[in-house]
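What follows is a short report on a single structure.
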Ligand code: DGL
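Numbering (the numbering used here), first residue to last: 11 to 284.
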């Protein structure tokens, strides 16, 4: 379908269970300055981390259908949990659409660790998935991988609560067992967590490396857009962003403006996609 956005720009769709994927969108904005970015925060259904794979798959299919309906030429699943539950079926269903997915960055973390112990902070859904087991099988090598599900952290970011004492206690509780096991490298295996990186930094020692996948995902998207999509006749479009939520519009506008770092207008998804 034709995109309603400027014809000089490519339209790229990006979705997450909520506002966390904005941490990825920031990298995409820098990598593709000309593209029009359409972002959906599925905050009416957050968190995905405690939902069934079938539920997340159904949401992911609906959101991708909506993005394609707006003319998205490529889609980024800016969510580790939705990747684990739905990347495969999205790629089967939308087999001509470049779909960039994301997983906890085990490979770079294993390359970075000096103690040989890597900690993974992620949602329970990601950690229990077959995809995560396959990722460890492929990349863990001789490293010891210790994992920690983090209920409550996604909800804190959704509330815009990045610095409270409650959020700090959760961060302390979830990082302590990983540090105790000897981890010197922590994977932020959920796109909400980079927004908590300043707090995590306050809690863990300076020597601990934090690893996030946002920049790698943006690079992969750029590579695929340039390699797989037909060249555009007109060049030089000015990149813009359009934001949607399945949650409360006023709340989303406030929180997403704060996380994006500038005032944004957030529209409600049409009823059939809520
Ligand atoms: N941002 C999602 C991820 O990367 C969060 C999942 C959730 O909603 O629990 O896993």
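Note that CB positions come from ideal geometry on N, CA and C, so glycine has one too. All of these numbers come straight from a predicted model, not from anything done at the bench.
Following the DSSP letters along the chain, one finds residue 117 inside the alpha helix (DSSP H) bounded by residues 116-122.
Within the segment 143-198, complete alpha helix (DSSP H) segments of at least 4 residues are found at 163-168 and 175-190, given in chain order. By alpha-carbon distance to residue 92, the top candidate from 132, 225 and 163 is 132.
Taking a 10 Å sphere around the C-beta of residue 27, we find 16 or more other C-beta atoms and assign the residue as buried. The beta carbon of residue 141 lies closer than 6 Å to those of 94 in the same chain, with the five residues before and after it left out. As DSSP reads the structure, residue 23 sits in a beta bridge with 48 and 85. The Cβ atoms of residue 120 and residue 153 sit closer than 8 Å to each other. Residue 15 and residue 242 have their C-alpha atoms some 14 Å from each other. About 20 Å separates the beta carbons of residue 202 and residue 231, which is beyond the 8 Å limit, so they are not a contact pair. Remark: three or more beta-carbon pairs, one from each stretch, lie closer than 8 Å, so the segment 122-136 and the segment 156-172 are flagged as touching. In the DSSP secondary-structure assignment, residue 109 is bridged to 85.
Counted as a single uninterrupted DSSP element, the beta strand (DSSP E) harbouring residue 252 occupies residues 251-255. When rounded, the separation of the alpha-carbon atoms in residue 58 and residue 66 is 7 Å.
As far as DSSP is concerned, residue 210 takes part in no beta bridge. Not one heavy atom of ligand 1 sits closer than 7 Å to the Cβ of residue 49.
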